[in-house]
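Heads up: the protein sequence lines correspond to chains A and B, in order. Numbering-wise (this note's numbering), the first sequence opens with residue 4 and increments by one. Numbering-wise (this note's numbering), the second sequence opens with residue 6 and increments by one. Note that the Cβ used here is the ideal one computed from N, Cα and C, for glycine as well. As the structure is a computational prediction, the values presented were derived from the model and not from experiment. Below you'll find the structure, written out as structure tokens, and then a few comments.
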Amino acid sequence: AQKITQTQPGMFVQEKEAVTLDCTYDTSDQSYGLFWYKQPSSGEMIFLIYQGSYDEQNATEGRYSLNFQKARKSANLVISASQLGDSAMYFCAMRDDADGLTFGKGTHLIIQP
Amino acid sequence: EAGVTQSPTHLIKTRGQQATLRCSPISGHTSVYWYQQALGLGLQFLLWYDEGEERNRGNFPPRFSGRQFPNYSSELNVNALELEDSALYLCASSFRTGDAGYTFGSGTRLTVV
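Now the structure itself:
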């Protein structure tokens, strides 16, 4: 069975600072995909970034980058130059063919002015 | 392109009643996934439908059921509602294989009183 662990229930970060959200995973699959989603208070899940297990380069999408360390089974999300609008819940998730997505418990990120 | 649409946005039911939630996937997506997000918790996988068939279900009792229609839209039915069923129910859609993207709807907030 797959498992996603997010060890930071909440984080406070000053505006304009970079922030790293931790995610570790456990799977016996050789091929898998890792996702990060943002969930504002309104409830919708917003896709941020994806990393395939065979991708050699770390994924980047604008201010978001994924620090993928396969040997350590970690897939941390890095947000550069944080903004007030980044305040939200952030979920790390993993895909397999059987279950769709397995999610971590999330990190509540609060950006302070 | 229209996103994943869910209806209703809010639903209030009394204990013991039945609830029906609906989801329309993105055009071209054949897979629909249902997740339950209880207050303050992460997303728990409920059901996965693809090409009209139930492909997998999470660890939920049989009173959680659903179906997928020929146009790939989906219904989630919850029978004999319990207070603990109060949650945000999120639907996501994707292509069946070879695609990394899952697009979520805005959810249906079910309250059982």
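R98 of chain A is classed as buried because its beta carbon has at least 16 other beta carbons within 10 Å across all chains shown. Around the beta carbon of P30 of chain B, 16 or more other beta carbons sit within 10 angstroms, so the residue counts as buried.
For T110 of chain A against Q9 of chain A, the beta-carbon gap comes to about 5 Å, under 8 Å, which counts as contact.
If the five residues before and after A78 of chain A are omitted, its C-beta is found closer than 7 Å to the C-beta atoms of C26, Y28, L37, Q54, L69, F71, C95, all from its own chain and listed in chain order. Excluding sequence positions up to five before and after L48 of chain B, its CB lies within less than 8 Å of the CB of Y40, Q41, Q42, L95, all in the same chain and listed in chain order.
At the C-beta level, E18 of chain A and S85 of chain A come within 8 Å of one another. Under the Cβ distance rule, S111 of chain B counts among the residues neighbouring chain A, one pair being separated by less than 8 Å.
The continuous beta strand (DSSP E) containing V83 of chain B extends over residues 79 to 83.
By the CB criterion at 8 Å, G103 of chain A and F50 of chain B fall inside the cutoff.
Neighbours of G47 of chain B across chain A, judged by C-beta separation under 7 Å: F94, F106, G107, K108, G109. In chain order, E18 place their CB closer than 6 Å to the CB of P116 of chain A, counting only its own chain and leaving out the 5 sequence neighbours on each side. Interface with chain B (8 Å Cβ-Cβ cutoff): E64 of chain A is excluded. In this structure, T113 of chain B lies near P13 of chain B, with their beta-carbon atoms less than 8 Å apart.
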